[in-house]
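Down below is the structure, laid out as structure tokens.
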Amino acid sequence: ADWYQEGGNYVVVYSGLDLASIGPACPGNSIQLASGGFSSVSNAPTGEGGCEGATTPEPPEPPQICGDLIVYSTAISTSEEGTLYGSFEQPSGSGGFVGGTSTVTADAAAAPEIQTGAAAYSVGGTDYTC
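At position 59 of the sequence shown (counting the first as 1) the number is 686 in my numbering, and the numbers step up by one without a gap.
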């Protein structure tokens with residue numbers, strides 16, 4: 628996951644995911660605070676059933692899907708300090724989820740600006756059209 632910012636909140640971008648092959652998924656994110664607790668937790672389906680069984684709230688707006696790129700506006704303020712979590716999971720069929728999680732220290736100064744809702748993006752040297 629790559630982290631950006633827009634309007635005072637973090638935006639997480641997942642790339643290299645072939646949703647046509649893997650089917651609906653449930654990307655999510657949160658921040659672990661210095662106290663150890665988690666804040667601003669959300670998950671959003673990329674398609675019907677992607678987050679089936681999830682009990683976390685959805686983000687302020689649904690993720691934007693551009694081929695194998697997912698642009699996810701989070702509820703995490705860039706003023707929060709802690710560890711950012713970006714997960715990409717699928718329902719396992721038994722009420723749980725399988726997938727992977729990445730972490731990075733929250734650092735708004737290192738998170739470039741991004742414009743969500745754009746018609747195209749360039750991420751990691753690859754151009755994506757929405």
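All residues carry an ideal CB built from backbone N, CA and C; glycine is no exception.
Legend entry - Nonlocal neighbours in the same chain, by C-beta distance under 6 Å from residue 574, ignoring five residues either side: Because the chain here runs from 628 to 757, residue 574 falls outside it and cannot be looked at.
Legend entry - Test item: CB-CB of residue 702 and residue 662 under 8 Å: Going by C-beta atoms, residue 702 is not nearer than 8 Å to residue 662.
Legend entry - Proximity winner among 693, 648, 689, 677, relative to residue 748 (alpha-carbon distances): The residue with the shortest Cα to Cα distance from residue 748 is 693.
Legend entry - Helix, strand or coil at residue 647 [DSSP, three-state]: Reduced to three states, the DSSP call for residue 647 is helix.
Inset, instruction - Sort out for me which residues DSSP pairs residue 716 with in a bridge. - result: When beta bridges are read from the DSSP output, residue 716 appears opposite 653, 726.
Legend entry - Rounded separation between residue 654 and residue 685 - CA only: Each residue's alpha carbon lies about 10 Å from the other.
Inset, instruction - Could you say which of 637, 657, 690 lies nearest to residue 714 if we only look at CA atoms? - result: Residue 657 holds the alpha-carbon nearest to the alpha-carbon of residue 714 among 637, 657, 690.
Inset, instruction - Locate the beta strand (DSSP E) running through residue 754, then write down its first and last residues. - result: First-last of the beta strand (DSSP E) with residue 754: 753-756.
Inset, instruction - Kindly list the residues whose CB is nearer than 7 Å to the CB of residue 709, restricted to its own chain and excluding five residues on each side of it in sequence; keep chain order. - result: Exclusion of the five residues before and after residue 709 leaves 658, 659, 660, 661, 733 as the residues of its chain whose Cβ lies within less than 7 Å of its Cβ.
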